Amino acid sequence: MSEEYLIKSNQEIAYNVFQMTLIGDTSKIKNPGQFMNIKIDDNYENFLRRPISISSYKENEMTIIYKIFGTGTKKLSYKKSGDLIDILCPLGNGFTIKKNTRKSILIGGGVGVPPLLELAKQLKNNKMDFDVIIGFPSHRDVFLENEFKKFSESIVVCTIDGSYGEKGNVLEVIKNKQISFDYYYACGPEKMLHALVKEGYIGQLSFEERMGCGFGACMGCSHKTIQSYKRICKEGPVLESSEVYIDE
Amino acid sequence: MNNLEVKLPGMTLSNPIIPASGCFGFGYEFSEYYDINILGSFVFKGTTLNSRYGNPNPRIAETYAGMLNSIGLQNPGVEEVINCELVKLKKVYHKKVIANIGGSTEKEYLESVKLISKCSQIGAIELNISCPNVKDGGIHFGLNKDIAASLVKAVKSVTNLPVYVKLSPNVTDIVEIAKAVESAGADAITLINTLIGMRIDIKTGKPVLANTYGGLSGPAIKPVALRMVHQVYRNVSIPIIGVGGIMNASDVIEMMYAGATAVQIGTANLIDPYACKSIIEDLPKLMKELKINKISDIIGGSHI
Ligand SMILES: Cc1cc2nc3c(=O)[nH]c(=O)nc-3n(C[C@H](O)[C@H](O)[C@H](O)COP(=O)(O)OP(=O)(O)OC[C@H]3O[C@@H](n4cnc5c(N)ncnc54)[C@H](O)[C@@H]3O)c2cc1C
Ligand SMILES: Cc1cc2nc3c(=O)[nH]c(=O)nc-3n(C[C@H](O)[C@H](O)[C@H](O)COP(=O)(O)O)c2cc1C
Ligand code: FES
């Protein structure tokens, strides 16, 4: 499963946010929201792999969207079309499309937005009704708005500073606009995910933890849930809202 | 004759490659990647009498040429390991496995060792007296030679399995402790567990690990591991299993020249799940290049 993928393109699509398209085996990907673990290079400076969600995929091609955060993602942004890159993929459970929902909503915050794109595609293919709401700090950070429009007419973009779309965080905007839904799929900062759970809405949420391996061997990513502990890389990153534990 | 074969007390290994405790889960996770029966053996995750969740997150931090972990011995407890993990393992692995046992009190160690010794899948006990991530546990036994020796003696009296003792490098005199556990009846010594270290996030000024300190592993610690294996080899006569920063076949040869009879591979498995498979495949080629006939010929070879 550790394989070389060929970089088809690697372009900046928003402020410090890059979209990379990779050519290689995608036949094992089961669900939207699964992720990959990327080896930055053979140099021991960025010794561990970097976990990044699969944003969309088709036969032999997949796309990721990542933000420059530290040195690893910075180096990733220097990669060129034609370069080979060592990737473990697919990892984790991903989102499971819930049948019999009247209307669901995809809720994304910042770099939590990418995995929702493939989910939108699959919900549309399943002829399910859904809205999309995505939030960013500011106008320059916004990405994927047009891509989501291909799958849903109902998309709301919000920015914290109000420089684009609705002003406020996604939860505030959901409440202000009285957007109704009976199920949600969410990915974003832990604060946003916990706020959704506290509201009592029912859905699935994708979490992050620091990872040693990404495939279940080190227990580095163990995450407390109501019933037990789950490895975010293996039994996650997606958890059901009913099992999310919030420590206060 | 298999020229990769090595012998440890109670176990003859088809090659000297053993994945290290905590970096190979309970083995079956890796059988998705390759047939783990090619391994010499492997050591499962540090197991304690009762289940442990371990330390708060984050408990992984990156370093140059390595990583810090402060997992804190998360494991489901010895009964669950026997009834569940080892049952799953049996389906994919047909050799003997080494049981890494941790604890906070002598009583706890002895209970766990007694229970696990009844399991026919186990080839040896690896007594972990060196986990740096558990308060008043494990490492407390590994820092003082008298306490270490008395625990080893007690453990030997409750099991018929060979007992390998895994030592901590976080001591002033490794030789003194190695000699003490040898006289207490240890059958082999595993060297080394992680070195205590830390990282600080300069954006917040706070430690990266929630536990503040963690264990450093990976290529960064290889020179320390080599030095300790070399020193201990000079002073004890029981076999040594060398661990610390081994990434490839060359590192294996180097560790065996220092005095190791077999080696354990930890962190390398985490960044490349195929690491042990590649090493096992590369070893014969490298031996040919270096004109090494039998790998066991080079054990301690640097001492002459
Ligand atoms: C399941 C999962 C999916 C993710 N998907 C995406 C995505 O689609 N797009 C995106 O931009 N980011 C995503 N992230 C976050 C991304 O992994 C981090 O931004 C990245 O690892 C930072 O690496 P760095 O070298 O730039 O930062 P550094 O700070 O230099 O990294 C140091 C260490 O901390 C780890 N680390 C730092 N931040 C995080 C984090 N938020 N989560 C986990 N580990 C972290 C790094 O992996 C590395 O081991 C995801 C994280 C997880 C766990
Ligand atoms: C994530 C992680 C978990 C570990 N857990 C254990 C453990 O449970 N018991 C133990 O004896 N050693 C444990 N170790 C130490 C390793 O077995 C090994 O001694 C150490 O990492 C040095 O080898 P390496 O550089 O090849 O990783 C752990 C190491 C890591 C990185
Ligand atoms: S990151 Fe190693 S178990 Fe999840």
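So the sequence lines, in the order shown, correspond to chains A and B.
Under this note's numbering, the first residue of the first sequence carries the number 190, and numbering increases by one thereafter.
Under this note's numbering, the first residue of the second sequence carries the number 14, and numbering increases by one thereafter.
Don't be surprised by glycine CBs; every beta carbon is placed ideally from N, CA and C.
Source: prediction; values computed, not measured.
Exercise. Give the residues from the region 233 to 257 of chain A that approach chain B closer than 8 Å (Cβ to any Cβ), ordered along the chain.
Key: 233, 234, 235, 236, 237, 238
Self-check item: CB contact below 8 Å: residue 434/A versus chain B
Solution: Residue 434/A does not count as touching chain B.
Exercise. In angstroms with no decimal places, state the Cα-to-Cα distance between residue 299/A and residue 202/B.
Key: Looking at the two C-alpha atoms, the distance is approximately 50 Å.
Exercise. Indicate the three-state DSSP secondary structure (helix, strand or coil) for residue 199/B in the structure shown.
Key: Three-state result, residue 199/B: coil.
Quiz item: Whose CA, out of 50/B, 304/B, 236/B, lies closest to the CA of residue 104/B?
Solution: 50/B
Quiz item: If you drop the 5 nearest sequence neighbours on each side, which residues of the same chain put their C-beta closer than 8 Å to that of residue 249/A?
Solution: 212, 213, 214, 215.
Quiz item: Between residue 34/B and ligand 2, is the CB less than 7 Å from at least one heavy atom?
Solution: yes
Self-check item: Under 8 Å by beta carbon: chain B residues contacting residue 418/A
Solution: 66, 87
Quiz item: Where residue 61/B and residue 295/B are concerned, what is the direct C-alpha to C-alpha distance, given to the nearest angstrom?
Solution: 35 Å
Self-check item: Whether residue 83/B touches residue 68/B by CB criterion (8 Å)
Solution: yes
Quiz item: Hey, quick one: how far does the beta strand (DSSP E) through residue 395/A stretch, first residue to last?
Solution: Start and end: 392 to 395.
Quiz item: Can you list the residues of chain A that residue 80/B reaches, using a CB-CB cut of under 7 Å?
Solution: 236, 237, 401
Self-check item: residue 281/B - DSSP class collapsed to helix/strand/coil
Solution: helix
Quiz item: Hey, out of 141/B, 136/B, 22/B, whose CA is closest to residue 86/B's CA?
Solution: Ranked by Cα distance from residue 86/B, the first of 141/B, 136/B, 22/B is 141/B.
Quiz item: Okay, do the region 360 to 372 of chain A and the region 282 to 295 of chain A touch, 3+ Cβ pairs below 8 Å being the bar?
Solution: yes
Self-check item: residue 279/A CB to nearest heavy atom of ligand 1 below 7 Å
Solution: no
Quiz prompt | Contact check, residue 401/A vs residue 283/B, beta carbons under 8 Å | solution = If you check the CB distance, residue 401/A and residue 283/B come in under 8 Å.
Quiz prompt | Closest residue to residue 195/A among 209/A, 403/A, 259/A (Cα-Cα distance) | solution = 209/A
Practice problem: Anything with a beta carbon under 5 Å from a heavy atom of ligand 1 counts; list them all in chain order. | Solution: Output, sorted by chain position: 224/A, 237/A, 239/A, 240/A, 241/A, 242/A, 255/A, 256/A, 258/A, 259/A, 260/A, 261/A, 262/A, 300/A, 303/A, 397/A, 399/A, 426/A, 75/B.
Exercise. Please confirm whether any heavy atom of ligand 3 lies closer than 7 Å to the CB of residue 408/A.
Key: Checking the Cβ of residue 408/A against ligand 3 gives yes.
Quiz item: Is the beta carbon of residue 86/B within less than 7 Å of some heavy atom of ligand 2?
Solution: Yes, the beta carbon of residue 86/B sits closer than 7 Å to at least one heavy atom of ligand 2.
Exercise. Keeping to the same chain, check which residues put their C-beta closer than 6 Å to that of residue 433/A; ignore five residues upstream and five downstream.
Key: 386
Exercise. Report the residue from 118/B, 95/B, 132/B whose alpha carbon sits nearest the alpha carbon of residue 160/B.
Key: Among 118/B, 95/B, 132/B, the Cα nearest to that of residue 160/B is on 118/B.
Quiz item: At what residues does the alpha helix (DSSP H) containing residue 265/B begin and finish?
Solution: 262 to 271
Quiz item: Between the region 384 to 408 of chain A and chain B, which residues of the former have CB atoms less than 8 Å from a CB of the latter, in chain order?
Solution: 398, 399, 400, 401, 402, 404, 405, 406, 407, 408
Practice problem: For residue 130/B, write down the residues that DSSP places opposite it in a beta bridge. | Solution: Residue 130/B is not bridged by DSSP to any residue.
Quiz item: DSSP state of residue 437/A, grouped into three classes?
Solution: coil
Exercise. Write down every uninterrupted run of the alpha helix (DSSP H) in the region 233 to 312 of chain A whose length is 4 residues or greater and which is fully enclosed by it, in chain order.
Key: 260 to 266
Quiz item: Excluding five sequence neighbours on each side, which residues of the same chain lie with their C-beta closer than 7 Å to the C-beta of residue 125/B?
Solution: 60, 61, 62, 91, 114, 116
Practice problem: Give the straight-line distance between the Cα atoms of residue 319/B and residue 244/A, rounded to the nearest whole angstrom. | Solution: This structure leaves residue 319/B out entirely; chain B is present only between 14 and 317.
Quiz prompt | chain A residues whose Cβ lies nearer than 8 Å to that of residue 76/B | solution = Within chain A, the residues near residue 76/B are 236.
Quiz item: For the region 337 to 411 of chain A, which segments carrying the alpha helix (DSSP H) assignment without a break, of at least 4 residues, lie completely within its bounds, in sequence order?
Solution: 359 to 365, 379 to 388
Self-check item: Separation of residue 136/B from residue 218/B, as counted between CA atoms
Solution: 46 Å
Exercise. Please check if any C-beta of chain B sits within less than 8 Å of the C-beta of residue 411/A.
Key: yes
Exercise. Write down the C-beta distance between residue 333/A and residue 302/A rounded to the nearest angstrom, noting that I regard them as a contact closer than 8 Å.
Key: 6 Å
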